[in-house]
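Only one structure is covered here, and it is reproduced in the block below.
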RNA sequence: GGCGGCGUAGCCAAGCGGUUAAGGCGAGGGACUGCAAAUCCCUUAUUCCCCGGUUCGAAUCCGGGCGCCGCCUCCA
């Protein structure tokens, strides 16, 4: 499998599972100061799908996603609400897990929280100081970017360019304006931990380094997140991790494109956001997932009501096919020509995902499978011969978190008989050409969520 | 200003040197139907923002424009 890595600015081959079975994957998680918005959800869904695809290919993925529970925004929110930072973090961490469930995301192998790793962070900072990559200024500790010659390699920036851009204010005690805080001395009323430099708290860029090292080792196979994290966050992580280990921090750097609204990045500060849970409630988990996966993960994706509705219809189309086919019992072996066409689509599907995880292309192939089946059915192929297509579609889309719902109507035996009775009654009315009453029955059943379809084989009904 | 990305039909969107330029939504016409619904068939990009170049061959590579976006400050 080939994936586009930010560091190489090109496709990088992932060693096949036969060669390297275990994959350590780290995806930047949320800061728990508020509910996540639908833009935050993009990497969670995309990289969840990637993880599950890798697992389906035979990899053993250790998937780590941090929860940032030490942060200015949490402190501010606590002040606003007259609550404590711990309470805010705890509450929104819980809400976050709720949202992951709603988004159909498989739970990460580990979800480390920064608070649990402060000791380890202090150790790491001490090491950086000892090696001359960091220095103490007052109660703060800064990383010295000049001490790390590769600084800027991920984002393609040079220290001098960054300085030339010069909106960088030299901070108090910083030797170089670009140096970043590893440890911040506590201000009154802020959460604090004891340290060799006095009470304070760790800077944001350190937690991912420490937690990923603890759980996945010095070199990650995959490090992923939104492309707004490339600089400075991931750049600063590389500086810390590689200054210490001398080894590459991650083999592959994956950065998803932003979710936009009318072309502008969705963000809390612009106010152009929707909470993820509200959108899921409105359109359903699978429409949301389909929406994300129908656009290549690195490209920007524009959010709109129309786009969600479209995704919903596309999902519905596949489900309609699945239920149509699965309602008929008994599998029949399809003609060879059909099987061959299906097999070539299957290969195409796999090629799409192998090639930079092109889920958009892969979903199109799924739709093509539906088209192929429908077309053959219309030209006389036994519907029972299509059961294999339904199975294949369900199978292939499992890693994507799509098309796994069983849509077998769950009604009681008695309800089934009652509906059957009405259908019979209506058939009799139609025979007498009493269409007014027949249509009324159909309309009233539809209002109750029972849809009737008159096919050449008779009337069938489905529940909505 | 520096770095990165994007511009393909009415809309969304694949495409990574040779394909009839995927797929979805929408629209129009037809088949089926008592009418619907569903489904199927046909039509909807001779052309990929513009201009040059490389090549037997370019949406795809190179150069130059134009337009949009992201990062350079917390941000998925």
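Numbering (this note's numbering), first residue to last: 1 to 464.
Where a beta carbon is used, it is the ideal one built from N, C-alpha and C, also for glycine.
Only a predicted model underlies this, so the values are computations on that prediction, with no experimental measurement involved.
Neighbourhood of residue i by C-beta distance below 6 Å, restricted to the same chain and skipping five residues each side
i: residue 44; result: 105
i: residue 224; result: 27, 47, 254
i: residue 206; result: 121, 182
i: residue 124; result: 210
i: residue 137; result: 173
i: residue 462; result: 451
i: residue 112; result: 66, 211
i: residue 63; result: 25, 51, 108, 109
i: residue 215; result: 64, 110
i: residue 55; result: 61
i: residue 262; result: none
i: residue 394; result: 403
i: residue 234; result: 154
i: residue 102; result: 277, 280
i: residue 357; result: 50
i: residue 128; result: 134
i: residue 99; result: 36, 276, 277
First and last residue of the uninterrupted beta strand (DSSP E) at residue i
i: residue 5; result: 2-5
i: residue 201; result: 200-202
i: residue 65; result: 60-65
i: residue 254; result: 250-256
i: residue 433; result: Per DSSP, residue 433 belongs to no beta strand (DSSP E) and is neither H nor E.
i: residue 22; result: 22-27
i: residue 180; result: 180-185
i: residue 452; result: 450-455
i: residue 259; result: 259-261
Cβ distance (whole Å) where residue i is taken to contact residue j below 8 Å
i: residue 208; j: residue 26; result: 7 Å
i: residue 186; j: residue 200; result: 5 Å
i: residue 70; j: residue 114; result: 5 Å
i: residue 354; j: residue 1; result: 5 Å
i: residue 422; j: residue 441; result: 6 Å
Beta-carbon spacing of residue i, residue j below 9 Å
i: residue 145; j: residue 6; result: no
i: residue 195; j: residue 122; result: yes
i: residue 308; j: residue 283; result: yes
i: residue 61; j: residue 109; result: yes
i: residue 3; j: residue 347; result: no
i: residue 296; j: residue 378; result: no
i: residue 311; j: residue 280; result: no
i: residue 147; j: residue 243; result: yes
i: residue 301; j: residue 363; result: no
i: residue 367; j: residue 318; result: yes
i: residue 469; j: residue 334; result: The structure shown does not extend to residue 469, since the chain is modelled only from 1 through 464, so no value can be given for it.
i: residue 460; j: residue 383; result: no
i: residue 236; j: residue 258; result: no
i: residue 175; j: residue 151; result: no
i: residue 86; j: residue 191; result: yes
i: residue 34; j: residue 77; result: yes
i: residue 438; j: residue 445; result: no
i: residue 96; j: residue 29; result: yes
i: residue 385; j: residue 315; result: no
i: residue 49; j: residue 322; result: no
i: residue 153; j: residue 238; result: yes
i: residue 17; j: residue 57; result: yes
i: residue 392; j: residue 448; result: no
Start and end residues, alpha helix (DSSP H) containing residue i
i: residue 323; result: 305-327
i: residue 42; result: 41-56
i: residue 550; result: Here the chain comprises residues numbered 1 to 464, so residue 550 is not present and cannot be evaluated.
i: residue 230; result: Where residue 230 is concerned, there is no enclosing alpha helix (DSSP H), given that its DSSP letter is neither H nor E.
i: residue 285; result: 285-293
i: residue 218; result: Unbroken run through residue 218: none, as it is neither H nor E.
i: residue 350; result: 336-354
i: residue 11; result: Taken as a continuous stretch (DSSP letters only), residue 11 belongs to no alpha helix (DSSP H), being part of the beta strand (DSSP E) at 10-13.
i: residue 463; result: Residue 463 -> not in any alpha helix (DSSP H); beta strand (DSSP E) instead, spanning 458-463.
i: residue 36; result: It is not in any alpha helix (DSSP H) - residue 36 carries neither H nor E in the DSSP assignment.
Cutoff 7 Å; reference residue i; Cβ partners in own chain excluding five residues on either side
i: residue 365; result: 345, 348, 349, 352
i: residue 291; result: 307, 308, 311
i: residue 397; result: 366, 403
i: residue 184; result: 140, 200, 201, 203
i: residue 247; result: 218, 219
Neighbourhood of residue i by C-beta, 8 Å cutoff - its chain only, sequence neighbours within 5 removed
i: residue 131; result: 243, 244
i: residue 264; result: 270, 272
i: residue 453; result: 459, 460, 461, 462
i: residue 325; result: 373, 383, 386, 387, 389, 390
Whole runs of the alpha helix (DSSP H) within the region 366-412, excluding any shorter than 4 residues
387-397
Within the region 103-177, note down every full alpha helix (DSSP H) run reaching 4 residues or more, in order along the chain.
118-130, 159-165
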